[in-house]
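What follows is a set of notes on a single structure, which appears directly below.
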Amino acid sequence: MKINLDEKVKIEKAKESKQLNKKFMQDTKSDDILVIFLKAHLYMERELIKTLTETIIDENILKSTTFRQKLDLANSMGLLDGYYGVLGKINSIRNNFAHNIDYQFDEKVYDDLLSTLTKIDKDDFLSEYEMWKNMLYTKDIPEFNFKLQLLLSNIWFALVSCRATAKEAIELRLKEKELETISKYQK
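Pasting the structure below:
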């Protein structure tokens with residue numbers, strides 16, 4: 005059986021995705037929820053920066069901006085494909101950790117975070133959780149920590165996927181603006 009170029013690219017992308025996800029899971033693995041959350045937040049911020057700089061934003065402009073400002077900018081450019089709410093919630097939780105020494109991330113906060121996902125993403129995560137748990141969970145951290153880690157991994161990977169389509173999203177928005185401008189002058 006001969007594999008064409010598109011299939012080879014897909015296979016390479018799948019291998020790359022698997023390696024990226026494996027590294028995320030290794031880097032965020034911890035008994036301490038704060039460590040899991042802060043490292044995941046850093047991964048997401050780095051992905052936001054990549055998304056913005058691979059489209060049209062100069063990286064120097066982003067150096068003094070907050071996560072929320074980067075998030076708002078990416079959202080205004082149409083680059084987040086429905087993940088604005090959940091990323092904003094992640095940032096709020098991160099800020100709670102940073103500014104409240106007694107902050108506790110518990111099942112209620114977890115459920116609140118989960119509820120900010122789109123229905124499809126939430127249903128997919130919940131339906132696939134047991135499979136991922138059986139494949140990846142090694143019982144060397146509390147299961148709740150693993151569950152949080154896996155949820156954050158899914159959200160981060162969705163952001164990686166948004167970056168993959170960011171240029172097309174920008175081109176589409178520019179085309180829409182062009183058509184809008186043309187239609188104003190044709191009346």
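If you use my numbering, the sequence shown corresponds to residues 5 to 191, in order.
We treat Cβ as the ideally placed atom computed from N, Cα and C, and that holds for glycine.
Give the straight-line distance between the Cα atoms of Ser-187 and Lys-181, rounded to the nearest whole angstrom. 10 Å
Under the three-state reduction of DSSP, which class applies to Met-29: helix, strand or coil? helix
Give the single residue among Leu-121, Ser-68 and Glu-175 whose Cα lies nearest to the Cα of Tyr-88. Leu-121
Alpha helix (DSSP H) segment containing Gln-190, residue limits: First-last for Gln-190: undefined, no H or E at that position.
Mapping DSSP to helix, strand and coil, what is Ser-68? coil
According to the Cβ coordinates, are Asp-31 and Lys-43 closer than 7 Å? yes
Ranges of the alpha helix (DSSP H) found wholly within the region 145–169, counting only runs of at least 4: 147–168
Please classify Ala-168: is it buried, with 16 or more other beta-carbons within 10 angstroms of its beta-carbon, or exposed? exposed
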